[in-house]
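Numbering (the working numbering), first residue to last: 218 to 465. The beta carbon of each residue, even a glycine, is placed where N, CA and C say it ideally should be.
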C-alpha cells in the first residue's frame with residue numbers, strides 16, 4: 218500500500234510559483250533576524266538576533282542553572298562586548314565578568330570577579346589574564362578595598378614581567394615576576410622595619426642583594442650563611458678509628 222501521505226507535497230509561493238513542502242519547512246526553521254524566546258533541549262533559552270541559524274548580534278542566553286549572558290554574539294559564540302551574570306537566588310544576580318569576548322572566551326579589556334569578591338581589571342587573551350592588569354586579593358567584596366593589590370603584567374593567567382604588589386601590612390614589592398612568583402631583579406620594602414632588600418629573586422626567595430634603610434643609598438651586603446662541620450675534632454677522630462679498624 219505504501220507510506221501514507223501526510224498532506225500536500227508542494228507549497229504555493231504565489232504568482233504560480235511552488236516549492237517542495239520539505240524545503241518550505243526547512244527554510245522557515247532557519248532562524249535569522251530578531252526572535253523571541255527560543256528554547257533548547259539543553260534547558261537554555263535565548264532571546265535576540267540570529268544569522269544563518271546561529272546566535273549573531275545582540276542577545277541574552279539564560280543557562281539551565283539560572284546564570285545568564287547578555288551581550289554580543291557572532292556565529293553562535295559570545296563575541297564582542299558582553300556581561301556574564303551569576304544567579305545567587307531569589308531573582309538576584311551578581312556580575313562575574315563584563316568586557317570583551319572572542320570565540321566564546323574572555324578577550325580584550327574586561328573586569329572579572331570571583332566568588333570571594335576579588336577583582337581583576339585589565340586585559341585578557343584566549344580566556345586568561347594577559348597583558349596589563351590590576352588584581353585585588355581578599356579585602357572588601359565588590360571593590361577589594363583593604364586587600365593586597367597587584368598591578369602589573371600578566372601572561373597566560375599568571376603574573377609575568379614587571380609588577381608591583383602592595384600588601385595590607387604596608388610591605389611592597391616592585392620588580393620582575395615569572396610563573397606567578399617573584400623572579401629576577403626586584404626590591405622588597407619592609408614597612409615595619411623601615412628597611413628594603415634590593416637584589417635578585419628566584420621563585421619567591423631572595424638570592425643575592427643588599428639590605429638597607431629606605432632612601433639611604435648605602436646598602437649593607439647580606440651576609441652569606443657560614444657553613445661548617447659541627448664538632449670537627451670528634452668527627453675526625455671517629456673517622457681515623459674507622460680507617461684503622463678496616464686496615465687491621
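From the options, residue whose alpha carbon lies closest to that of residue i
i	options	result
residue 333	354, 403, 317	354
residue 281	292, 367, 268, 304	304
residue 469	323, 330, 395	This structure leaves residue 469 out entirely; the chain is present only between 218 and 465.
residue 384	366, 427, 283	366
residue 283	398, 308, 375, 409	308
Beta-carbon proximity of residue i to residue j, cut-off 8 Å
i	j	result
residue 378	residue 369	yes
residue 318	residue 306	no
residue 414	residue 423	yes
Beta-carbon contacts of residue i that lie in its chain and below 7 Å, excluding the five residues immediately before and after
i	result
residue 320	294, 296
residue 279	261, 262, 285
residue 435	For residue 435, the pLDDT reaches just 44, beneath the cut-off of 50, and the residue's location in the model is therefore unreliable, although a value from the coordinates is still provided. If we look at residue 435 and ignore the five residues flanking it on each side, its Cβ neighbours are 429.
residue 373	345, 347
residue 327	314, 315, 316, 317, 341
residue 312	300, 302, 330
residue 419	400
residue 438	Here the model assigns residue 438 a pLDDT of 44, short of 50, so the residue's position is not dependable and the matter cannot be decided.
residue 395	377, 401
residue 375	396, 397
residue 253	264
residue 273	266, 267, 290, 291, 292
residue 380	367, 368, 369, 370, 394
8 Å contact criterion, which residue i and residue j should meet: CB distance rounded
i	j	result
residue 255	residue 248	7 Å
residue 403	residue 392	2 Å
residue 388	residue 407	6 Å
residue 325	residue 339	At roughly 10 Å, the Cβ-Cβ gap does not stay under 8 Å, so residue 325 and residue 339 are not in contact.
Sequence-distant residues of the same chain with beta carbon closer than 8 Å to residue i, five excluded per side
i	result
residue 275	265, 266, 288, 289, 290
Close beta carbons around residue i, own chain, < 6 Å, minus the five adjacent residues each side
i	result
residue 251	266
residue 425	416, 417
residue 271	292, 293
residue 382	367, 390
residue 441	Note that residue 441 scores a pLDDT of 37, beneath 50, so its modelled location is shaky and nothing firm can be said.
residue 405	390, 414
Contact with chain C by residue i, beta-carbon distance below 8 Å
i	result
residue 279	No chain C is present in this structure, which holds just one protein chain.
Closer than 7 Å: residue i CB and nearest the ligand HEM heavy atom
i	result
residue 254	The ligand HEM is absent from the structure shown, which contains no ligands of any kind.
**Item:** Within the region 312-363, ranges of the beta strand (DSSP E) (whole runs, at least 3 residues)
**Value:** 322-330, 336-342, 345-354
**Asked** Mind pulling the beta strand (DSSP E) runs of 3 or more residues that sit fully within the region 242-312?
**Response** 250-256, 262-268, 271-279, 285-291, 294-306
**Message:** Extract the residue ranges of the beta strand (DSSP E) inside the region 386-428, only unbroken runs of 3 or more that lie entirely within it.
**Reply:** 389-395, 398-407, 412-419
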